[in-house]
Amino acid sequence: PAVFLSALRPDTLEPIRTLFKARIRAGLRHLSVRVGAGDGETLAMLYREGEVLNQTEHSDVLELEIRVPLSFAGRLLQRPGVELARDHELPA
Numbered sequence: 002p003a004v005f006l007s008a009l010r011p012d013t014l015e016p017i018r019t020l021f022k023a024r025i026r027a028g029l030r031h032l033s034v035r036v037g038a039g040d041g042e043t044l045a046m047l048y049r050e051g052e053v054l055n056q057t058e059h060s061d062v063l064e065l066e067i068r069v070p071l072s073f074a075g076r077l078l079q080r081p082g083v084e085l086a087r088d089h090e091l092p093a
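Using the working numbering, you'd call the opening residue of the sequence shown number 2 and step up by one each time.
Below, the structure written as C-alpha cells:
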C-alpha cells in the first residue's frame, strides 16, 4: 500500500514504521520455549537469530518468549533439550 510522508512533519513517519514492522514480523514466529539454563549454545543462537522478548528462570530451566524467523523456528524446535511452551499465534 502507498504511505504518504513528509520530512517536514515527523508524525507522518509513524505509519511507515508500523508498515515496516508488520512486514518484517509477517515472516516471524512468536513462541515461548524452555531451554536448560546451561545450554549456552542454544541460548546464543536464540539471541543471534531472533528477538528475545522476555526471559524467566525456573530452577535450572529458562523460559524465553521469542520472535524468530520461520526457518529458524523449525530447526530450533528439533534441537534436543528445547521444549515448546507456547505458540503465541494460536489461541491459548
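Just so it is clear, CB atoms sit at the ideal spot from N, CA and C, and this is done for glycine as well.
Would you kindly check if the distance between the Cβ of residue j and the Cβ of residue i is under 8 Å?
i     : j     : result
GLY51 : VAL36 : no
SER33 : ARG87 : yes
LEU63 : ALA27 : no
ARG30 : LEU71 : yes
Looking at the unbroken beta strand (DSSP E) that takes in residue i, where does it start and where does it end?
i     : result
THR57 : 52-59
PRO70 : 62-70
Is it buried or exposed, residue i, if we count other Cβ atoms within 10 angstroms and call 16 or more buried?
i     : result
ARG18 : exposed
LEU14 : exposed
LEU65 : buried
ARG24 : exposed
ALA74 : buried
Quick check on residue i: does DSSP put it in helix, strand or coil?
i     : result
ASP12 : helix
GLY82 : coil
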